[in-house]
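Undergrad: Protein chains in written order, with this note's numbering: chain A, 11 to 184; chain B, 23 to 143; chain C, 42 to 751.
There's a structure below that I have some questions on.
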């Protein structure tokens, strides 16, 4: 019922390593498309990538929350990052759409959350020397969620700080 | 063939520690939480040696020793009790009741093994 | 059982916590009856174990400190000193200190002052003993150059009856070095006078060893008291044994005759057993041989903790067991759904079998998690004591039903609300001593805690014999806060229930103990979160009873599956009263709040389709599920009642914390997620609608319902 899975070989222990990786070392990220932008998140927090399946809607929840999903016996909320990041939303699921299940820290507790991605490109190494702080101008979405900006063959990639995206303050997003 | 030791103590931590130490040394260990429990376990199984605390609810170590010595199967079994420095008078009572030896708390694991070896080899 | 040494300390800590609680209970009992020998012994034993085990596991500071308190109680137990209120007071303080020490919190200054206070209750001299932490015996001295010892050993006659194996002693001596052992059977009486289990043998041992004298003495440590043991160094260099013997004879040290006799029969060490059989055909020796052989026979070991006794299990393991049982229940539901369409009878039989097994397993697992509520009640004695002291009231705490069992998670989460309720009832419920005397009541206020099973629920009540709740104050406050129209008639229970509104405190003086206007609403929230209900009954001048109804367990419930639009939802079956069709005469008033006439009672109802903003067309025959929480009822209009469903409750997680209508989620047989409705919350919503309406009209619509439910 949870749909076919494309499992990623992600070591759980990698999380701490990546999170504390000093500038200059290369970083392993999962890149994806959201409303025409390319975003990435540290690969270590990704648990699995699922095809989009019908979700259980939660009446009267915030628009940010798309519904609930059964991931191996756990009830996982699936969220629409586009709402959170303040990107234009076009609510359509395509063949490329995926649900990326992450393990994030929320108020010091480990918790699972799924995010809807328009397309998942894959895991890539980003050369640490190309990583930069987010510029203060010229970005259409919320700056506080950006961890850093890296360069790849395809151009710039915004690496999101997922713990902050889901942090308690202003959780309901735009 | 591994020998079986019955350890009797109302303190779970002591039971666990004694059991761990003895099992690491190759003995089989049975545990009981007080004198009554110990007697029940002796009734249903066997033990080559008994290590018991003195201060326990329901049936204390002294009574246990007295009762065990009445059992034909355990007339000659070594019974060692755990005691503290402050219980000199208890020591004499326990000996009179039929105890074979004692271990003074706090004890190190090797001391425990040394005493057990004394009786079981 | 096979946990490594690192976890011993954890076990000790958990155990010490239990012992402290037990000790606390004992101390509190002693306050009422300071001569109760059982309780003194209980306190002593707890202290004794905390100290003894603490020292073993390296909690030396705990052991050192506890030792002093133990000494005091040992003297109390031996009747040397009385159990005075002062001693109890300082012991309770010491108990807190021990708790802190176990938590890793040190406070040298407090420790010093506690010991000083303790000393005032324990006269000096004759105190129990030496320091507790006498260290392990000193390391053995460096080996000395080999020396010869002559050891004359005459054991006490009862030595074997006390579990000592004489042969083992000799073996131990042999292990120390080169030993020549000579058995002296002279002491053996004629058969007719012989006690078969007595030890009549004597031995001479000539030992050559590098070990010091203390090592030899150690061999005899357990038999020394009843034995005659001579250990003497032999000044001569080692020669052959014959010459040694001759020298001994020449020296004529002691007991010349015996020694001569012994020497005549000297045999090599390795042949002792044989020799014993040869030279001493008497029963005693053969008994020894027999006994030693018997001991080497294989014996079946007893099963570890077989049958009875209890086992300490880490709480996390229980939690994960429950999780796994939950998974199993879900998988089983899935299997049942698949099998329902199958023609395969064998498959159906297996599925049924698995259904039965998983149901049994669920019961058993939930049983393992059950903890008697007495563990919780016990803590209240201290709370009552401390609170009543600080308020200067005398309170008598009684309890019953301590054996009633509840899921351990429920018990843990009940602690804070119950503490609050107990404090409240002492602070606000009970009058001051003067008032009570004036009212002709006994000086001591009574607080009674009780627990009892009632179906799948546990009822916990807190009763006091105080002044009762002040209805006019509550009413005034409710009107002031706009919760109630002036002069509106409402049922008594509903009036009293206003105290659960946030920030609703009628206490005239805010005391340090309670009455800060927070609390009762938090209590209500906690109980709601536990899927329980809370009710108040109060008679002016006679007292107040607060009753909590709680489910036995949190993890798995029986649920009623309903459909609203396309979505499936679960209602806890324990809250469901009945299901009826939504009839035409269901009134709908202009303000959007609906009422249902159920056998003459008006029950407000919520159209869930509207509330959940469902856009699909409604089913032609809508159903109403009437749910209740406490005395309140509300109808929930759904499209379809699907049926019963064993529901494994999953938390919604922090991300969904703002969702109001749902308390959790579960996974259905087909793998989809269904939300579990938060019935108390929905009832609140339904009632608020009704309240709004009543406020508006000033007319009570609900007395009919109330009339029926009481």
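Glycine included, every Cβ here is placed at the ideal spot set by N, Cα and C.
In chain order, what are the residue ranges of uninterrupted beta strand (DSSP E) at least 3 long that sit wholly in the segment 97 to 140 of chain B?
TA: 101 to 106, 123 to 127
Undergrad: Taking 6 angstroms as the limit between beta carbons, can you name the residues of its chain near residue 561 of chain C, skipping five residues before and five after?
TA: Start at 1 with the first residue of the third chain, and residue 561 of chain C comes out as number 520. Closer than 6 angstroms at Cβ, skipping near neighbours: 540, 541.
Undergrad: Just to make sure I have the definition right: I need the residues of chain B whose C-beta is within less than 8 angstroms of the C-beta of residue 109 of chain C. Which are they?
TA: Position 68 of the third chain holds residue 109 of chain C. What residue 109 of chain C touches in chain B: nothing, since even the nearest Cβ is about 11 angstroms away.
Undergrad: Got a sec: is the Cβ-Cβ distance from residue 2 of chain A to anything in chain C below 8 angstroms?
TA: Summary: the structure shown does not reach residue 2 of chain A, with chain A confined to residues 11 through 184, and so no result is reported for it.
Undergrad: Only counting the same chain, and skipping five residues up and downstream in sequence, which positions put a Cβ closer than 8 angstroms to that of residue 49 of chain B?
TA: Indexing the second chain from 1 puts residue 49 of chain B at position 27. Result list for residue 49 of chain B: 24, 25, 26, 27, 138, 142, in chain order.
Undergrad: If you drop the 5 nearest sequence neighbours on each side, which residues of the same chain put their C-beta closer than 7 angstroms to that of residue 140 of chain C?
TA: For the purposes of this step, residue 140 of chain C is taken as residue 99 along the third chain, with counting starting at 1. Excluding sequence neighbours, residue 140 of chain C sits near 61.
Undergrad: For residue 114 of chain C, which residues of its own chain have a beta-carbon under 7 angstroms away from its beta-carbon, when the five flanking residues on both sides are left out?
TA: Along the third chain, one-based indexing puts residue 114 of chain C at 73. Cβ neighbours of residue 114 of chain C beyond the five flanking positions: 81, 84, 85, 88.
Undergrad: Under a Cβ-count criterion, where at least 16 other Cβ atoms within 10 Å of its own Cβ denotes burial, should residue 114 of chain B be classed as buried or exposed?
TA: Taking the second chain and counting its residues from 1, one reaches residue 114 of chain B at position 92. Answer is exposed; the Cβ neighbour count stays below 16.
Undergrad: Taking 8 angstroms as the cut-off, does the segment 50 to 65 of chain B touch the segment 119 to 132 of chain B (at least 3 CB pairs, one atom from each stretch)?
TA: Contact check between the segment 119 to 132 of chain B and the segment 50 to 65 of chain B: fewer than three CB pairs, one atom from each, fall below 8 angstroms, which does not count as touching.
Undergrad: So that I know if they touch, is there some Cβ in chain A lying closer than 8 angstroms to that of residue 56 of chain C?
TA: Position 15 of the third chain, counting from 1, holds the residue named residue 56 of chain C. Residue 56 of chain C does not count as touching chain A.
Undergrad: Within 7 angstroms: the Cβ of residue 201 of chain C and any heavy atom of the ligand COA?
TA: Among the components of this structure there are no ligands whatsoever, and the ligand COA is therefore not found.
Undergrad: On a CA-only basis, which of A:110, A:105, A:102, A:98 is nearest residue 89 of chain A? Give me that one, please.
TA: Here residue 89 of chain A refers to the residue found at position 79 when the first chain is read from its first residue. When each option's Cα is compared against that of residue 89 of chain A, the closest is A:110.
Undergrad: Once you ignore the five residues that flank residue 618 of chain C on each side, which residues in its own chain have a CB closer than 8 angstroms to its CB?
TA: Here residue 618 of chain C refers to the residue found at position 577 of the third chain. 667, 668, 669, 674, listed in sequence order.
Undergrad: 8 angstroms is my cut-off, CB to CB: does residue 129 of chain C come that close to chain A?
TA: Counted from its first residue, the third chain places residue 129 of chain C at position 88. By this cut-off, residue 129 of chain C is not an interface position.
Undergrad: Using DSSP with H/G/I as helix, E/B as strand and the rest coil, what is residue 759 of chain C?
TA: The requested residue 759 of chain C does not occur in the structure, where chain C is confined to residues 42 to 751.
Undergrad: Identify which residue in C:640, C:536, C:612, C:650 has its Cα closest to the Cα of residue 707 of chain C.
TA: The count along the third chain starts at 1 and reaches residue 707 of chain C at position 666. Nearest C-alpha to residue 707 of chain C: C:612.
Undergrad: At 3 residues or longer, and completely inside the segment 78 to 165 of chain A: list those beta strand (DSSP E) runs for me, N to C.
TA: 84 to 89, 108 to 116, 119 to 127, 129 to 136, 156 to 162
Undergrad: Report yes if the CB atom of residue 75 of chain A is closer than 8 angstroms to the CB atom of residue 85 of chain A, and no otherwise.
TA: If you number the first chain from 1, residue 75 of chain A lands on position 65. If you number the first chain from 1, residue 85 of chain A lands on position 75. It is not a contact, given that the beta carbons lie outside the stated cut-off.
Undergrad: Beta-carbon within less than 8 angstroms of residue 76 of chain B's beta-carbon, same chain only, minus the 5 sequence neighbours each way: which residues are those?
TA: Taking the first residue of the second chain as 1, we reach residue 76 of chain B at position 54. Only 82, 83, 84, 103, 104, 105, 109, 112, 116 meet the Cβ criterion.
Undergrad: Only counting the same chain, and skipping five residues up and downstream in sequence, which positions put a Cβ closer than 7 angstroms to that of residue 162 of chain A?
TA: As a first step, residue 162 of chain A must be located in the first chain, where it is residue number 152. 134, 136.
Undergrad: Looking at the secondary structure, which residues open and close the beta strand (DSSP E) in which residue 219 of chain C lies?
TA: Stepping through the third chain from its first residue, residue 219 of chain C is reached at position 178. Looking at the DSSP string, the run of the beta strand (DSSP E) that includes residue 219 of chain C is 218 to 225.
Undergrad: Runs of 3 residues minimum, wholly inside the segment 236 to 271 of chain C: which ones carry the beta strand (DSSP E) assignment?
TA: Runs found: 243 to 250.
Undergrad: May I ask you to list, following chain order, the residues of the segment 66 to 93 of chain C that have a beta carbon less than 7 angstroms from some beta carbon of chain B?
TA: 86, 89, 90, 93
Undergrad: In terms of DSSP beta bridges, what is residue 695 of chain C paired with?
TA: The residue given as residue 695 of chain C occupies position 654 in the third chain. The partner list for residue 695 of chain C (beta bridge, DSSP) is empty, contrary to what the question assumes.
Undergrad: For residue 65 of chain B, which residues in chain C fall below 9 angstroms Cβ to Cβ?
TA: What you label residue 65 of chain B is simply residue 43 of the second chain in a count that begins at 1. What residue 65 of chain B touches in chain C: nothing, since even the nearest Cβ is about 10 angstroms away.
Undergrad: Tell whether a beta-carbon distance below 8 angstroms holds between residue 68 of chain C and residue 133 of chain C.
TA: Position 27 of the third chain, counted from the first residue, corresponds to residue 68 of chain C. Position 92 of the third chain, counted from the first residue, corresponds to residue 133 of chain C. In this structure, residue 133 of chain C lies closer than 8 angstroms to residue 68 of chain C by Cβ.
Undergrad: Determine contact between the segment 120 to 127 of chain C and the segment 98 to 112 of chain C, defined as no fewer than three beta-carbon pairs at a distance below 8 angstroms.
TA: no
Undergrad: In chain order, what residues of the same chain lie with their CB nearer than 7 angstroms to the CB of residue 196 of chain C, ignoring the 5 residues before and after it?
TA: On the third chain, position 155 is the one that residue 196 of chain C refers to. 207, 240, 264, 268.
Undergrad: Check each residue of the segment 693 to 706 of chain C: if its Cβ is closer than 9 angstroms to any Cβ of chain A, include it; give the result in chain order.
TA: 693, 694, 695, 696, 697, 698, 699, 700, 701, 702, 703, 705, 706
Undergrad: Are the CB atoms of residue 498 of chain C and residue 565 of chain C within a distance shorter than 8 angstroms?
TA: Along the third chain, one-based indexing puts residue 565 of chain C at 524. Along the third chain, one-based indexing puts residue 498 of chain C at 457. Cβ distance not < 8 angstroms, so residue 565 of chain C and residue 498 of chain C don't count as in contact.
Undergrad: In terms of alpha-carbon separation, which member of B:40, B:99, B:87 lies closest to residue 69 of chain B?
TA: By 1-based counting over the second chain, the position of residue 69 of chain B is 47. Selected option, being the one with the closest Cα: B:99.
Undergrad: Report yes or no: is there a C-beta of chain C within less than 8 angstroms of the C-beta of residue 177 of chain A?
TA: In the first chain, residue 177 of chain A corresponds to position 167, counting from 1. No - not a single Cβ of chain C is within 8 angstroms of the one on residue 177 of chain A.
Undergrad: For a contact meaning CB atoms closer than 7 angstroms, what does residue 36 of chain B contact in chain C?
TA: Here residue 36 of chain B is taken as the residue at index 14 of the second chain, counted from 1. Within 7 angstroms Cβ-Cβ: 94, 97.
Undergrad: Can you name, in chain order, every residue of its own chain whose Cβ lies under 7 angstroms from the Cβ of residue 484 of chain C, other than the five neighbours on each side?
TA: Residue 484 of chain C sits at position 443 when you count from the first residue of the third chain. Contacts found: 435, 474, 477, 478.
Undergrad: If you compare alpha carbons, which of C:624, C:213, C:257, C:102 is closest to residue 661 of chain C?
TA: Here the question's residue 661 of chain C lines up with position 620 in the third chain. Cα-wise, what sits closest to residue 661 of chain C is C:624.
Undergrad: Ends of the alpha helix (DSSP H) at residue 422 of chain C?
TA: Along the third chain, read from residue 1 onward, the residue named residue 422 of chain C stands at position 381. 415 to 432 is the extent of the alpha helix (DSSP H) around residue 422 of chain C.
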